[in-house]
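Here is the structure we will look at.
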Amino acid sequence: MNKIIIVTGASRGIGREIAKTLAREGNIVIANYNKSEQLAIELKEELQKENIKIDIFKADVSNRKEAKILVEFVLNKYKRIDVLINNAGIAQSKLFTDFTDEDWNKIINTNLYSAFCMTQEVLPNMIHNKSGNIINISSVHGIVGASCETVYAISKAGMDAMTKSLAKELGPSNIRVNSIAPGLIDTDMNKNLTENDLKILKEEIPLGKVGKVTDIAKCVKWLVEDEFTTGQIISLNGGWTII
Ligand code: NAP
24 MNKIIIVTGA SRGIGREIAK TLAREGNIVI ANYNKSEQLA IELKEELQKE
74 NIKIDIFKAD VSNRKEAKIL VEFVLNKYKR IDVLINNAGI AQSKLFTDFT
124 DEDWNKIINT NLYSAFCMTQ EVLPNMIHNK SGNIINISSV HGIVGASCET
174 VYAISKAGMD AMTKSLAKEL GPSNIRVNSI APGLIDTDMN KNLTENDLKI
224 LKEEIPLGKV GKVTDIAKCV KWLVEDEFTT GQIISLNGGW TII
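Each residue of the sequence shown is one higher than the one before, counting from 24 in the numbering used here.
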C-alpha cells in the first residue's frame, strides 16, 4: 500500500498489532511509544526478521511539544503523512466522586487532547496534499457510558464528536475521519479483570467472547484502504451494544 502512517501508542496492545499489520502490508509505519521503550525495540526487531522496516519514536502525545516533534520527524524523513491513527490511551476505574482533577487531566490529556494535538499537527500537510485519513480508536464506553469509568467514557465520547465534526469540516479537502469503538479486547488494559469478571462480561456479549487485537487491526487495515467512509463510529464489540 506504501502509505506513510503514524500509529500512536504502538508499543503494546491494539496499537502494536495495528502497526505490525500495516507494516506487513507494505506501508511505512511510524510506531509511537511513550514508556515501553524495550517493547518498541522488540517490535522493530520482530519486523526486521521479516525484512520489514518500521520507525519507532518516543513521544508523550499528551504533550503538545512532543506531538509536534513526532510529526516533524515524520515530515522531515518522508515529506508526507497519509494516515494518522490516534490510538494511545489509558483507562481508570473509580467512583465518579473519587476522581481528582489530576485524574481528569491525565485521562483527558492522554485520550483526547493527544488526538487534538496530533490531528492539528498533521493536518497542514494533509490539507496541502488534498488527501488524508484519520482513524480514532475510541471505545464502546463513549457510546453507551460506563459505570465507574465516567472520565474515560467522556474522553472517548469527545473523540467520537471530534470524528463526526472533522469529517464534515475536512471532507471537502478529501480527508476522511472515522472512529473504531472497540468493545472488550484482550490487552493489558483489562488485565485487572478476574476470571469471574470475564465470565460475566462474556455472558453480556452476543458472540460470547472477548475480542482480539487482530480484530481491531483488520478493521483499521480496511479503513486505510477504503475511500468512501467518513464520519462513522464503527462498533467492534461482538454485539455487546447494538443500537
Ligand atoms: P494498552 O495495552 O494499555 O496500551 C496502551 C498504549 O498506549 C501503549 O502502547 C502505551 O505506550 C500507549 N500510551 C499511553 N499513554 C501514552 C502517551 N501519553 N503517549 C504515547 N503513548 C501512550 O491498551 P490497549 O487496550 O491496546 O488500548 C489502545 C486503545 O484502545 C486505547 O485508546 C484504549 O482506550 C482503546 N480501547 C481499548 C479497549 C480494550 O478493551 N482493550 C476497549 C476499547 C477501547 P507506553 O506503554 O509506551 O507508554
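The beta carbon of each residue, even a glycine, is placed where N, CA and C say it ideally should be.
Any non-hydrogen atom of ligand 1 within 7 Å of residue i CB
{"i": "Leu-207", "result": "yes"}
{"i": "Lys-129", "result": "no"}
{"i": "Lys-58", "result": "yes"}
{"i": "Asp-121", "result": "no"}
{"i": "Ile-223", "result": "no"}
{"i": "Asn-110", "result": "yes"}
{"i": "Leu-185", "result": "Before going on, a small fix: residue 185 reads as Met here, not Leu. Met-185 Cβ: outside cutoff for every heavy atom of ligand 1."}
{"i": "Asn-213", "result": "yes"}
{"i": "Val-97", "result": "no"}
{"i": "Thr-217", "result": "no"}
{"i": "Asn-201", "result": "no"}
{"i": "Asn-274", "result": "Because the chain spans 24 through 266 in this model, residue 274 falls outside it and cannot be assessed."}
{"i": "Val-174", "result": "no"}
{"i": "Ile-160", "result": "yes"}
{"i": "Asp-126", "result": "no"}
{"i": "Ser-137", "result": "yes"}
{"i": "Ala-180", "result": "no"}
{"i": "Gly-49", "result": "no"}
{"i": "Val-247", "result": "no"}
Reduced DSSP secondary structure (H/G/I, E/B, other) of residue i
{"i": "Gly-234", "result": "strand"}
{"i": "Ala-112", "result": "In the sequence under discussion, the amino acid at residue 112 is Gly, which differs from the Ala named in the question. Of the three classes helix, strand and coil, the one that applies to Gly-112 here is coil, per DSSP."}
{"i": "Gly-165", "result": "helix"}
{"i": "Phe-80", "result": "strand"}
{"i": "Pro-195", "result": "helix"}
{"i": "Ser-258", "result": "strand"}
{"i": "Gly-181", "result": "helix"}
{"i": "Asn-201", "result": "strand"}
{"i": "Leu-107", "result": "strand"}
{"i": "Asn-156", "result": "strand"}
{"i": "Ile-75", "result": "coil"}
{"i": "Ile-27", "result": "strand"}
{"i": "Ile-208", "result": "strand"}
{"i": "Ile-131", "result": "helix"}
{"i": "Ile-223", "result": "helix"}
{"i": "Ile-228", "result": "coil"}
{"i": "Thr-123", "result": "coil"}
{"i": "Glu-250", "result": "coil"}
{"i": "Cys-140", "result": "helix"}
First and last residue of the uninterrupted beta strand (DSSP E) at residue i
{"i": "Leu-45", "result": "Per DSSP, Leu-45 belongs to no beta strand (DSSP E); it is in the alpha helix (DSSP H), 36–47."}
{"i": "Ile-92", "result": "Element bounds for Ile-92: not the beta strand (DSSP E) but the alpha helix (DSSP H), 87–101."}
Opposing strand residues paired with residue i [DSSP bridges]
{"i": "Leu-146", "result": "Answer by DSSP bridge pairing: none, since Leu-146 is not bridged."}
{"i": "Tyr-56", "result": "Lys-81"}
{"i": "Ile-51", "result": "Ile-27"}
8 Å Cβ cutoff, residue i in contact with chain D
{"i": "Ile-203", "result": "Protein chain content of the structure displayed is limited to a single chain, and chain D is not contained in it."}
Element boundaries [alpha helix (DSSP H), containing residue i]
{"i": "Trp-263", "result": "Per DSSP, Trp-263 belongs to no alpha helix (DSSP H) and is neither H nor E."}
Segment contact, 8 Å Cβ cut-off, at least three pairs: the stretch 162–171 with the stretch 212–226: no
Inter-stretch contact (C-beta, 8 Å, three-pair minimum) for the stretch 219–235 and the stretch 173–183: no
The stretch 202–212 contacting the stretch 252–260, beta-carbon criterion three pairs below 8 Å: yes
The stretch 89–96 / the stretch 60–71 touching (three or more Cβ pairs under 8 Å): no
Cβ contact check for the stretch 26–43 and the stretch 115–122: 3 or more pairs under 8 Å: No: fewer than three Cβ pairs fall under 8 Å.
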